[in-house]
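In full-length UniProt numbering, the protein residues as written are 1 to 122. Working notes for the structure below.
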């Protein structure tokens, strides 16, 4: 199953460059997902590619930071601000990245507006 998620453009660039090998989330999908469709949020506002998921790691935020900090694409300050008041941090390990040759619109997927967290798609 595929899921569309919004990712800030600076993180999308890091994913495509291979310097960010985990996508961080506070909430995880309820269904089994193998592919993430990447929506690059404002100011780009385009669907730009896909991530094939290797595995998903769940851990206490501090432990996850200590294990994977060099692959998260985020500063320690930003990381702990993001996970403030969270007991669990989720890190989606990227197996493969596919960059679309032609960027797409949300409407190409039958979606009117970007999801706050994620949205399942066919």
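Glycine included, each C-beta is placed from N, C-alpha and C at the ideal position. Since the model is a prediction, treat every value here as computed from it, not as a measurement.
Own chain, CB closer than 6 Å to residue i, minus 5 neighbours either side, in chain order
i, result
"residue 46", "40 and 103"
"residue 2", "35, 37 and 121"
"residue 94", "21 and 51"
Residue i, buried or exposed, once every other Cβ within 10 Å from all chains shown has been counted against 16
i, result
"residue 118", "buried"
"residue 28", "exposed"
"residue 23", "buried"
Cβ-based neighbour list, residue i, same chain, cut-off 7 Å, excluding 5 preceding and 5 following
i, result
"residue 12", "38, 40 and 48"
"residue 19", "73"
Bounding residues of the beta strand (DSSP E) (the contiguous stretch that carries residue i)
i, result
"residue 90", "89 to 104"
DSSP beta-bridge partners of residue i
i, result
"residue 5", "38 and 118"
Where the alpha helix (DSSP H) containing residue i begins and where it ends
i, result
"residue 82", "76 to 82"
So within the region 18 to 60, which uninterrupted beta strand (DSSP E) runs reach at least 3 residues, ignoring any that extend past its ends? If we require 3 residues or more, the beta strand (DSSP E) runs fully inside the region 18 to 60 come out as 22 to 25, 35 to 40 and 46 to 59.
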